[in-house]
Each structure stands twice: as C-alpha cells, then as structure tokens.
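Just below is one structure, and these are the notes that go with it.
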Amino acid sequence: MSLTIEERKQYSRHLILDEIGEVGQLKLKQAKVLVIGAGGLGCPVLQYLTAAGVGTIGIIDHDVVDQSNLQRQILYTIDDIGLSKAETAAKRLSQLNPFVLFNTYNEALTRENAIALFTNYDIIIDGSDNFSTRYLTNDAAVMTNKPLVYGAIFKFEGQVSVFNYLGSGTYRCLYPTPSKPEDSPNCSEIGVLGVLPGIIGSLQANEAIKIICGIGDVLTNRLLLFDALSLNQQILGFEKEEASEIIALEKDYNFFCGITSTKEITLDELNKNKANYNLLDVREIPERERYHIGGQHIPLGQLSKRFQEIDITLPIVVYCKSGKRSQRAISFLKEQFDKAIFYNLKEGLRSKI
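Residue numbers (UniProt numbering): 1 to 353.
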C-alpha cells in the first residue's frame, strides 16, 4: 500500500511531521475505526478522523437529525432534519475526504450485533450518551480485544480515557457499577454547552490517532476531567481491576443499569383509543408550548414533588420527545403507585415535532 499523489496533497501537513510522516499516514490509511453514535461527541470525532485519513470508518447510530441537535452536532444543517444521522454524516464527510471508506449502520448497538461489528475494526470510539450503551461497548471491546476510546459530557464538564489498550484497565475498573437512572440525566434533560462535545470529541480523536500511529502517551489507566467554565483540567489515575474481566455480555444492559422494562404504545395505537388512557407529558415548558398531545404536564425534574397530582384512574401513557425521559419517569412512578398501569409512548413525539 502506498499514498497516491492526491493523498500526498491531502495529508501534506502530516507528512512533514517527523512523528507521523509517510509511515504514520499509511498506518492511518490502513486503520479501521468504529464510532458509536454520530451525535455531539461523534461529530467532531468523525470529522477529525476523516480529515486525518483513517482509511475505514464505521458509523453506527439509529437516530435521525433533530433541530435541537444543531446547537452542538455541527455535521448537520436545517436541511438534514428528519434524516438518518449515520447516512447524513457519511455523505457529508465523504465531501471532506474522498479517500475514506464509510460503513454506515442505521441501527442501535445491541448485544446481538456488538461482537460481530467490533471484530471488523481496530479501534472503538464511544460517543454514546447512556450507561447501557457504555457498559455494552466496554464489554464487547474487552471480549474482542479492541482498544476503546471513551468520552462523556455533562453540562459544562467532560471526561476522556482509553480502555483496554495493551492490557490497560477498562470502563468497569473506573465504574464497577452503573449509576441509578435518576442520577444520570442526559443533555436533553439538563442541557449542555454547545462547544463542549467539540472539545471532548476532538480529544477522543487525538487519542485514536496516537494509538494508530504509535506516538505520544496514550491516556490509559487515567481519566482526564475538563471544566469548560474554568478551563481547569485534571488527570486522575485508576488501577486495573482483575475482577473486571469480561467473559460474556450481560443478558439485558437496561436491566443491569437499573432501567426496568415497560409496556410501550405507539402514537397511532394511542390515537385509536385515546379515551381509554390518561396522558402525562414530562417534557420541559418550552417543549410543551411548541407542541403537545394533551394530558397533564409535569416536567421530569418536578415529578418527585408533584407525583401525587397524577390521575391514576386510567392507565397512564407517559410521553416526552424521544421516549427516554418518559421511561425514567415511569421507573420512578412505579415505585410510588404499585397498582397503577403505565405505558411509555414509543419513540416519543420525535416524528411530530
């Protein structure tokens, strides 16, 4: 394998770096990287790995572009709303670098497909936004012996680390047990500074390039903490725990992370029998004002103080934008009303907003 004349033009600034040069650029060209999620973290990861010349990039994401994504997911535009993130990202990235092969997977990462997918790649990059996927990604990476570049964001703070590289510790060494669902809200519930995923995702891409080229000091057995408001950075060390060895995937990662299974109902099914249910909207006030399908309105953050207001004389359909907040609301409400019947509005109001 060699670089073409056009590739030499494309990567000229890499080629003149002694630490990368032609040998390093060829390593990048031969590398295969799978990115989990094409959202806030995935966008900058994908952009910089594409620009760097990683030869094969896999993108797995079952979501579609929403207008609220545009504040931080800078691969997309207004014209992309409603389109597949994975396919839209690949199309746009191919305009940045025509020498990269993109494999798109318009599906969720699951225990059924993770091992087979990971086997085809050299490095896995976690751009997910929930603990179920993070633990699944970690476990599948360990079982397939793939380095895992981890990133996470929370309001104004971010984390980066590299797991399972050359015998290093894993995500379970750092977080042996998952947080409770109610203690780990995502950005759709609490917000996030738009530039933060750009910073953290760029750091993830940097770690991947270092691993591929064999340069620098890879961030293993250490966790980088970044505060966007103060620009303070800390690097905390952690030890590999032998108890973190993984020999099989969990049977149900939602259950492992404390997310209980819930009955679901589609919007079409609900509309056919709406009189048979009470509705509960757990979105924020601005979301409610833009569009709603009726029922009581109690934002998720207020639910613990106002749950007694809920009418449980009929089965209750809880809804939000995507179905995630409503799932968490139901987990809480089941503990308060042991005889009430709850349904989660499948995929929320995403298709209607």
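Quick reminder that beta carbons are idealized off the backbone N, C-alpha and C, glycines included.
Between Ile60 and Ala89, the C-beta gap is not smaller than 8 Å, which leaves the two residues out of contact. In this structure, the straight-line span from the alpha carbon of Lys27 to that of Gln234 is close to 31 Å.
In this structure Gly323 does not touch Gly294 by the C-beta definition: roughly 18 Å separates them, more than the 8 Å allowed. When DSSP states are grouped into helix, strand and coil, Phe238 belongs to the coil group. Collapsing the DSSP output to three states places Gly151 in a strand.
For Asn106, same chain residues with a beta-carbon under 7 Å away, outside a window of 5 residues either side, are His62, Ser84, Ala86, Glu87 in chain order.
Taken through DSSP and simplified to helix, strand or coil, Asn344 comes out as strand. Note that the C-beta distance between Val142 and Ile246 is below 8 Å. Within the segment 90–128, the runs of alpha helix (DSSP H) that reach at least 4 residues and sit entirely inside it are, in chain order, 114–119.
From the listed residues Tyr277, Leu333, Ile316, the smallest Cα separation to Gln302 is found for Leu333.
According to DSSP, residue pairing for Asn278 in a beta bridge involves Ile316.
By alpha-carbon distance to Ala38, the top candidate from Ile125, Leu236, Val192 is Ile125. A Cβ-Cβ distance of about 5 Å is found for the pair Leu223 and Ser161, placing them in contact under the 8 Å criterion. Scanning its chain for C-beta atoms nearer than 6 Å, with the 5 sequence neighbours on each side dropped, one finds around Tyr171 the residues Asn138, Phe163, in chain order.
Inclusion of Gly55 and Val100 in the CB contact set at 8 Å is warranted, their separation being smaller than that value.
One Cα belongs to Ala208, the other to Ile199, and the distance between them is close to 15 Å. Across the set Thr313, Gln30, Ser12, Glu19, the C-alpha of Gln30 shows the shortest separation from the C-alpha of Met1. Around the C-beta of Ala329, 16 or more other C-beta atoms lie within 10 Å, and the residue is accordingly described as buried.
If you keep only unbroken alpha helix (DSSP H) runs of at least 4 residues inside the segment 24–92, you get 42–52.
DSSP places Phe255 in the helix class (H, G or I) of the three-state scheme.
If only complete runs of 3 or more residues are kept, the segment 202–228 shows the beta strand (DSSP E) at 222–227, in order along the chain. In this structure, the straight-line span from the alpha carbon of Ile78 to that of Asp268 is close to 27 Å.
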